[in-house]
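Q: Quick one: the structure is below, and I'll ask about it shortly.
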Amino acid sequence: MEASDLSREETGSGLKAAIAAYTAWGLLPVYWKLMVNVPSLGILSHRIIWSLVFVAMIMIFQGRRRDMAVAFRSPRRAALLSLSSLFIAANWLIYIWAVNADKVLETSLGYYINPLVTVFFGFVFFREKMERVQWLAISIASVGVLFQVIRYGRFPWVALGLALSFAFYGLIRKKVVIDSLPGLFAETAFLSIPALLFLLVAGVRYRGAFLAGNPVQDILLVSTGAVTSLPLLWFAYGARRLKLTTLGFLQYIAPTLTFFLGVSVFREPLDMPKVVTFVCIWVALGLYSWGSFAASRREQGALATVSDPGTGIKR
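Have a look at this one:
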């Protein structure tokens with residue numbers, strides 16, 4: 012097989028893996044709805060513990076036992092991952108609670124907003140340059156959120172809570188040099204102690220408790236480990252084989268699927284104020300994506316010019 016064929020095959024497999032990851036994340040509300048009788052903190056605690064178990068099994072199977080201790084060898088790395096674990100736990104808890112409180116559309120809005128919040132964080136914390144089109148996109152998105160605040164008289168805390176918690180999580184993880192699996196192993200290890208304490212103290216009393224005579228629910232709770240870890244593995248596989256611009260477009264699969272689930276499956280009301288907010292966000296994301304694509308093309312053109320200085324022709 013020629014190198015070009017191998018490269019196309021790698022890209023194709025990476026594309027399938029990334030699409031699978033974003034599709035799984037987009038359909039996740041269906042899974043949480045199956046456990047509506049279990050309190051959100053109970054689902055979160057099981058998700059943490061079984062994710063730790065599942066990731067440990069994968070790493071042992073892959074012969075990566077030594078990598079389990081990578082995060083704990085450096086005090087700085089351990090401190091940062093313990094902090095990032097708090098943000099991912101907050102993100103998971105808000106998401107699970109919102110889905111089972113019939114706020115699926117708000118979770119969709121949160122993950123639509125997330126890329127814009129991440130870009131803004133890059134500007135604030137890393138002094139990354141923002142193009143005019145990105146400022147325009149953030150301004151339009153802000154107008155959409157503000158319209159909902161004025162119309163309903165309440166803050167869309169679910170959407171912004173999801174966007175901010177995940178943006179802070181990404182901000183911290185950017186400072187930690189560690190692979191996704193050892194990173195998730197460390198984060199769930201840090202969270203496992205309070206999760207176990209909750210299940211031991213409160214878990215036996217809540218409605219729909221684990222091992223309380225409902226085997227289907229028990230299987231669903233145990234499977235939260237696989238449901239959490241497998242999409243992450245698929246995403247990591249795809250991210251290594253795809254361009255960032257491709258991943259940038261694919262990331263909208265998840266909130267789009269969640270949006271359609273909220274409207275068509277769970278029948279959540281989509282009134283005019285919500286429509287206005289979503290339209291503002293979609294316009295903002297369209298501008299943001301167009302700006303990112305244009306910037307990527309300019310970079311490629313500049314590289315082509317440098318690589319062919321004799322003609323100055325952009326390839």
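Each residue of the sequence shown is one higher than the one before, counting from 12 in the working numbering. From the three backbone atoms N, C-alpha and C, an ideal C-beta is built for every residue, glycine too. For clarity, every value in this text was computed on a predicted model and none was experimentally measured.
1) Using a Cβ-Cβ cut-off of 8 Å (strictly less than) and excluding sequence neighbours within five positions of residue 193, which residues of its own chain qualify?
2) So, helix, strand or coil for residue 78, using DSSP?
3) Between the alpha carbons of residue 178 and residue 227, how many angstroms are there, rounded?
4) If we ignore side chains and look at the alpha-carbon of each, how far apart do residue 47 and residue 111 end up?
5) What did DSSP end up calling residue 234 once you bin it into helix, strand or coil?
6) Let's see if you can read the secondary structure: which residues bound the alpha helix (DSSP H) around residue 221?
7) Can you check which of these residues, 89, 164 and 68, is closest to residue 197 by C-alpha distance?
8) Are residue 58 and residue 239 touching if we call contact CB-CB under 8 Å?
9) Let me know if residue 164 comes out buried or exposed under the rule of 16 or more other beta-carbons within 10 Å of its beta-carbon.
10) What residue range is occupied by the uninterrupted alpha helix (DSSP H) comprising residue 159?
11) Count the CB pairs spanning the region 138-150 and the region 85-101 that are closer than 8 Å, and state whether there are at least three.
12) Quick one, are the C-beta atoms of residue 180 and residue 98 less than 8 Å apart?
13) Does the Cβ of residue 159 have 16 or more other Cβ atoms within 10 Å, making it buried, or fewer, making it exposed?
14) DSSP on residue 112, reduced to helix/strand/coil?
15) Buried or exposed: residue 138, going by 16 or more other Cβ atoms within 10 Å of its Cβ?
16) Starting from residue 180 and walking both ways along the alpha helix (DSSP H), at which residues does that stretch end?
17) Can you tell me the Cα-Cα spacing of residue 273 and residue 64, whole angstroms?
18) By Cβ distance below 6 Å, which residues in the same chain neighbour residue 125 in space, the five residues on each side in sequence not counted?
19) Using beta-carbon positions only, say whether residue 118 and residue 169 come within less than 8 Å of one another.
20) What did DSSP end up calling residue 277 once you bin it into helix, strand or coil?
21) Would you decide whether residue 232 is buried or exposed? Buried here means 16 or more other CB atoms lie within 10 Å of its CB.
22) What residue ranges within the region 25-61 form continuous alpha helix (DSSP H) runs of no fewer than 4 residues, ordered along the chain?
23) Would DSSP call residue 189 helix, strand or coil?
24) What do you reckon, are the CB atoms on residue 33 and residue 264 nearer than 8 Å?
A: Taking the definition as stated:
1) Here residue 193 refers to the residue found at position 182 of the sequence shown. Taken in chain order, the residues that qualify are 70, 75, 78, 79, 81 and 82.
2) If you number the sequence shown from 1, residue 78 lands on position 67. Taken through DSSP and simplified to helix, strand or coil, residue 78 comes out as helix.
3) Here residue 178 corresponds to residue number 167 of the sequence shown, with the count starting at 1. Here residue 227 corresponds to residue number 216 of the sequence shown, with the count starting at 1. The alpha-carbon atoms of residue 178 and residue 227 are separated by roughly 34 Å.
4) On the sequence shown, position 36 is the one that residue 47 refers to. On the sequence shown, position 100 is the one that residue 111 refers to. Their Cα atoms are separated by approximately 6 Å.
5) The residue given as residue 234 occupies position 223 in the sequence shown. In this structure, residue 234 counts as coil in the three-state DSSP scheme.
6) In the sequence shown, the residue the question calls residue 221 occupies position 210. Run containing residue 221: none; DSSP gives neither H nor E here.
7) Looking up residue 197 in the sequence shown gives position 186. Measuring from the Cα of residue 197, the nearest candidate turns out to be 89.
8) Position 47 of the sequence shown, counted from the first residue, corresponds to residue 58. Position 228 of the sequence shown, counted from the first residue, corresponds to residue 239. Yes.
9) Residue mapping note: residue 164 aligns to position 153 of the sequence shown, counting from 1. Its Cβ having fewer than 16 others within 10 Å, residue 164 is exposed.
10) As a working mapping, residue 159 is identified with position 148 in the sequence shown. Looking at the DSSP string, the run of the alpha helix (DSSP H) that includes residue 159 is 143-163.
11) With the rule of 3 Cβ pairs closer than 8 Å, the region 138-150 does not count as touching the region 85-101.
12) Here residue 180 refers to the residue found at position 169 of the sequence shown. Here residue 98 refers to the residue found at position 87 of the sequence shown. For residue 180 and residue 98, yes; Cβs fall inside 8 Å.
13) Along the sequence shown, read from residue 1 onward, the residue named residue 159 stands at position 148. Result: buried.
14) Locating residue 112 in the sequence shown gives position 101, where the first residue counts as 1. Of the three classes helix, strand and coil, the one that applies to residue 112 here is coil, per DSSP.
15) Locating residue 138 in the sequence shown gives position 127, where the first residue counts as 1. By the neighbour-count definition (other C-beta atoms within 10 Å, threshold 16), residue 138 is an exposed residue.
16) Working through the sequence shown from its first residue, we reach residue 180 at position 169. Note, residue 180: alpha helix (DSSP H), 168-185.
17) Your numbering for residue 273 matches position 262 in the sequence shown. Your numbering for residue 64 matches position 53 in the sequence shown. Each residue's Cα considered, the two are about 31 Å apart.
18) The sequence position of residue 125 within the sequence shown is 114, counting from 1. When the five nearest sequence neighbours on each side are left out, the beta carbons in the same chain lying within less than 6 Å of the beta carbon of residue 125 are those of 174 and 177, in order along the chain.
19) Here residue 118 is taken as the residue at index 107 of the sequence shown, counted from 1. Here residue 169 is taken as the residue at index 158 of the sequence shown, counted from 1. For residue 118 and residue 169, yes; Cβs fall inside 8 Å.
20) As a first step, residue 277 is located in the sequence shown; it is residue number 266 there, counting from the start. The three-state secondary structure of residue 277, taken from DSSP, is coil.
21) For this step, residue 232 is matched to residue 221 along the sequence shown. Label assigned to residue 232: buried.
22) 39-44
23) Indexing the sequence shown from 1 puts residue 189 at position 178. Residue 189 sits in coil when the DSSP states are folded into three classes, being neither helix nor strand.
24) As a position in the sequence shown, residue 33 is number 22, starting the count at 1. As a position in the sequence shown, residue 264 is number 253, starting the count at 1. Yes, these two residues count as a Cβ contact at 8 Å.
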